Amino acid sequence: MTHRPDRRVSDLRGLLGMQTSAARWIVAFYSFSFVLLAFSSREGITPLWPVCIALVIATASAITLITVGGDPLPLRYTIPLTASGPVNLAIMTAVVPVPITSGGQMWPGAAATALYTFMCVRGRTLAAWTGLLGMFVVSVVWSSSTGQGFGTGITLQVVNAAPLAMATFFAMTLRPAAREIFELRERSTRKAAAEAAADAILSERDLQLDRLDELARPILERVAIGGALAASDVLACALLEAHLRDTLRAPALAASGVAAAARFARSRGVDVVLLDDRGADDADQADRERLLDAIAADLIAVTSGSVTVRILPPGRSSLATVLVTSAQSTTRIEYGSDGRPVNRASG
41 MTHRPDRRVS DLRGLLGMQT SAARWIVAFY SFSFVLLAFS SREGITPLWP VCIALVIATA
101 SAITLITVGG DPLPLRYTIP LTASGPVNLA IMTAVVPVPI TSGGQMWPGA AATALYTFMC
161 VRGRTLAAWT GLLGMFVVSV VWSSSTGQGF GTGITLQVVN AAPLAMATFF AMTLRPAARE
221 IFELRERSTR KAAAEAAADA ILSERDLQLD RLDELARPIL ERVAIGGALA ASDVLACALL
281 EAHLRDTLRA PALAASGVAA AARFARSRGV DVVLLDDRGA DDADQADRER LLDAIAADLI
341 AVTSGSVTVR ILPPGRSSLA TVLVTSAQST TRIEYGSDGR PVNRASG
């Protein structure tokens, strides 16, 4: 079976620090910088409200880039992020003077390029270059249609190709290394989980051996001495054997006050059978304790015959049943999910 890495573990944002408070401060600084640039170079721009729309789009795009998870960046977010650059540039070219009075009036190109560099690292290099190409098209169409010539539009955007080219090279180096880091981290996590499980098994084994030693050693030493066993020794052996059987067949019952009640009933000659089908494992602690106390009381009350206690499988409407059989009658007690008796039938 092929192992599929946990997407939470392999999210490249964690490796780049994009989920940290520092990244949020950088986005805030990014937004503030372009707000400052846009309004400091507003000479000749009318009206100003399209500039505000472009700033909102740029800020929303930056926030999306650091908050959206997944590697590579999900396509439903990649498409609007790719379009944000050409759209913002088109908005600005509709309101800037011809010719522009300041290079800062074409700030959407720089703002989008900053986003595109991180899109490269997040596995969307082709989309980033598509966005840059879209800005070239918008810039060239604007410069040509306003009589500035084809070259002006190229000149205004060509400077943005250099950082994107460097980001592309950086992504080609970083992403393979990041995959190796994530694979190592995943293997380390699986190894730690396996070691923890093995330690738990060993601890449980040691605990069971200690309990077995505590329970069985006195009787085994008595047998090792030799000679005939007294009736009390034979009874002790039978009770111990029954208890050990309970620990295997009904661990939830054997580790509670039910075990003491079962021992008490068996010492009086009652045949006790404990079964655990794990239905109480997910029950509330209070309900489970209430059930075990009730079962213990049922066992203590029996003076002869046989008792079968069963924790039912998960998904049943009832949590447990107690069947008491004697020479005179048979009684069946049914316990609900809250540990309280819901039905008692005698025959």
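All residue numbers for the sequence shown refer to the working numbering, where the first residue is 41 and numbers rise by one. Heads up, the beta-carbon is just placed ideally off N, CA and C, and yes, glycines get one too. Since the model is a prediction, treat every value here as computed from it, not as a measurement.
Is residue i buried or exposed, if buried means 16 or more other CB atoms sit within 10 Å of its CB?
i      : result
Asn200 : buried
Asp111 : buried
Arg245 : exposed
Asp286 : buried
Val49  : Note on Val49: pLDDT 42, under 50, position unreliable in the model; the coordinate value appears next. It is exposed - the Cβ of Val49 has fewer than 16 other Cβ atoms within 10 Å.
Ala211 : buried
Ile119 : exposed
Ser183 : buried
Arg215 : buried
Met206 : exposed
Ala240 : exposed
Val178 : buried
Ala264 : exposed
Gln248 : exposed
Ala218 : buried
His43  : The pLDDT assigned to His43 is 44, lower than 50, so where the model puts this residue is not dependable; a value taken from the coordinates is nonetheless given after this. Result: exposed.
Quick one: does residue i have its CB under 9 Å from some CB of chain D?
i     : result
Met58 : Absent from the structure: chain D. Only one protein chain is present.
Please work out which residues of its chain come closer than 6 Å, Cβ to Cβ, to residue i, disregarding the five sequence neighbours upstream and downstream, and give them in chain order.
i      : result
Arg330 : Gly379
Ala385 : Arg372
Glu83  : Thr141
Val349 : Leu314, Ile335, Val362
Thr133 : Trp182
Glu374 : Ser358, Thr361, Val382, Asn383
Trp65  : none
Comparing alpha-carbon positions, which option in the options lies nearest residue i?
i      : options                        : result
Gly149 : Val180, Ser243, Ala337         : Val180
Ala78  : Ala299, Val91, Gly84           : Val91
Ala151 : Glu254, Ser73, Glu374          : Ser73
Val347 : Leu359, Arg356, Arg308         : Arg308
Thr208 : Gly163, Leu352, Tyr70          : Gly163
Cys160 : Thr133, Arg116, Thr213, Ile131 : Thr213
Gly187 : Thr122, Pro139, Thr370, Asp322 : Pro139
Thr107 : Arg219, Gln248, Phe176, Leu56  : Leu56
Gly193 : Val75, Arg225, Glu220, Ala130  : Ala130
Phe304 : Ala271, Gly144, Leu339         : Leu339
Leu284 : Ile221, Leu269, Arg251, Ala268 : Arg251
What are the start and end residues of the alpha helix (DSSP H) that includes residue i?
i      : result
Asp286 : 271-289
Gly143 : Looking at the DSSP string, Gly143 is not in any alpha helix (DSSP H), and its letter there is neither H nor E.
Hey, could you find the ends of the beta strand (DSSP E) residue i is sitting in?
i      : result
Pro381 : 381-386
Ile194 : Element bounds for Ile194: not the beta strand (DSSP E) but the alpha helix (DSSP H), 190-198.
Met316 : Rather than Met, the amino acid found at residue 316 in this sequence is Asp. Where Asp316 is concerned, the enclosing beta strand (DSSP E) stretches over 311-316.
Could you give the C-beta distance for residue i and residue j, rounded to a whole number, given that I count them as a contact under 8 Å?
i      : j      : result
Gly345 : Thr365 : 5 Å
Ser124 : Ala98  : 7 Å
Tyr70  : Ala100 : Wrong, their Cβ atoms sit about 12 Å apart, outside the cutoff.
Val342 : Val310 : 5 Å
Gly174 : Pro126 : 3 Å
Ser357 : Ala323 : Wrong, their Cβ atoms sit about 13 Å apart, outside the cutoff.
Ala276 : Ile259 : 6 Å
Gly144 : Ser81  : 3 Å
Report all residues from its chain with a CB closer than 7 Å to the CB of residue i; omit the five preceding and five following residues, and keep chain order.
i      : result
Arg336 : The amino acid at residue 336 is misidentified as Arg; the sequence shows Ala. These residues qualify, in order along the chain: Gly297, Val298, Ala301.
Pro203 : Thr153, Thr157
Ala167 : Thr118, Thr122, Met159
Asp316 : Arg289, Ala290, Pro291, Ala292, Leu293, Ile351
Ser369 : Ser386, Gly387
Thr170 : Thr122
So, for residue i: in the same chain, excluding its five sequence neighbours on each side, which residues have a beta-carbon less than 8 Å away from its beta-carbon?
i      : result
Asn128 : Ala94, Ile97, Ala98, Pro148, Ala151, Ala152
Arg306 : Ala278, Leu279, Ala282, Val312
Arg318 : Ala292, Ile351, Pro353, Pro354
Thr86  : Val135
Phe190 : Val180, Ser183, Ser184
Leu224 : none
Examine the ligand MG and report whether any of its heavy atoms sits within less than 8 Å of the Cβ of residue i.
i      : result
Thr104 : The ligand MG is not part of this structure, which contains no ligands at all.
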